[in-house]
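Protein sequence lines, in the order shown, are assigned to chains F and U.
Per the numbering used here, the first sequence runs over residues 1 to 117.
Per the numbering used here, the second sequence runs over residues 1001 to 1112.
All C-beta atoms, glycine included, are put in the ideal place defined by N, C-alpha and C.
All remarks here apply to the structure that follows.
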Amino acid sequence: AQSVTQPDIHITVSEGASLELRCNYSYGATPYLFWYVQSPGQGLQLLLKYFSGDTLVQGIKGFEAEFKRSQSSFNLRKPSVHWSDAAEYFCAVQGGTIKAAGNKLTFGGGTRVLVKP
Amino acid sequence: DAGVTQSPTHLIKTRGQHVTLRCSPISGHKSVSWYQQVLGQGPQFIFQYYEKEERGRGNFPDRFSARQFPNYSSELNVNALLLGDSALYLCASSLDQNEKLFFGSGTQLSVL
């Protein structure tokens, strides 16, 4: 069964500094990988996704993520954080061929990002 | 255009009661999925429905059930509520069963 681990529960970063959130997945084949953001009291918003091709994926709000098969990782990065980036971030995996899995997602436990002025 | 709408936004129940949560997908979307998000954890998949049929079920007891109506809206029912059922219940819709998910803001259920 697939699983996702986000090792960092909380990260505090200064506004304007860079941010990197770690995500490790466990899956036997090539996974489909996602990053979502959740603001307090809100649902989940998709930041970016990786299905195949270029391992560096660009998303919304200036985020990018890099798929590294050898490390089973899909880390999220942003060069310069804004106060509005304070939120909870979730990495997710969708296993197998899309048709076999439907679009069921397995989420990590999340990383809460705090932004200092 | 309206996004995924869920009702109610907040709900308080007592142990042993039954609850029904409602979800209206984005217009044109035929698939609805339900997720449970316990405080401090990531969402967990409960059900997926497509064209009114169950297409996937997560590791939840039979107290959890759902259905999808001809207009593609959906209900999640939970019987014999336990304290541990307290969570944010998220609904997500997609064009079909394999496409990108769009999440609603959720229903916060508190079981006392």
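Taking only runs of the beta strand (DSSP E) that begin and end inside the segment 1034–1108 of chain U, which ones reach a length of at least 3 residues, in chain order? 1044–1050, 1053–1057, 1064–1068, 1074–1078 and 1087–1094
Would you kindly work out how many angstroms separate the C-alpha atoms of Phe1103/U and Asp1096/U, rounded to a whole number? 14 Å
With a threshold of 8 Å between beta-carbons, can Gly41/F be considered close to chain U, or not? yes
Endpoints, the beta strand (DSSP E) within which Trp35/F is located: Tyr32 to Gln38
Please report the straight-line C-alpha distance between Glu1099/U and Gln2/F, rounded to a whole angstrom. 19 Å
Residue range of the beta strand (DSSP E) that includes Gln58/F: Leu56 to Gln58
Do you know offhand how far Gly28/F's Cα is from Arg1057/U's? Between the alpha carbons of Gly28/F and Arg1057/U lies a distance of about 21 Å.
Assuming Leu19/F and Trp35/F form a contact by the criterion Cβ under 8 Å, report the distance between their Cβ atoms to the nearest whole angstrom. In fact, because the Cβ distance is near 12 Å, the residues do not count as touching under 8 Å.
Cα separation between Ala1066/U and Ser14/F? 44 Å
Measure the Cβ-Cβ separation of Asn103/F and Leu1090/U and say whether it is below 8 Å. The beta carbons of Asn103/F and Leu1090/U sit no closer together than 8 Å.
Give a yes or no on whether the minimum CB-CB distance between Gln1097/U and chain F is below 8 Å. yes
Looking at the structure shown, is His1018/U part of a helix, part of a strand, or coil, going by DSSP? coil
DSSP-derived helix/strand/coil call for Lys78/F: strand
Ordered along the chain, which non-local residues of its own chain (more than five positions away) have a Cβ less than 7 Å from that of Gly110/F? Answer for Gly110/F: Gln6, Glu88, Tyr89 and Phe90, listed in chain order.
Contact set for Gln1017/U: own chain, Cβ-Cβ below 6 Å, skip 5 residues either direction: The answer, listed in chain order, is Leu1081.
Val81/F beta carbon less than 8 Å from that of Leu33/F: no
Quick one: grab the DSSP three-state call for Ser1031/U. Correct three-state label for Ser1031/U: strand.
Closer than 8 Å, Cβ to any Cβ of chain F: which residues of the segment 1045–1064 of chain U, in chain order? Phe1045, Gln1048, Tyr1050, Arg1055, Gly1056 and Gly1058
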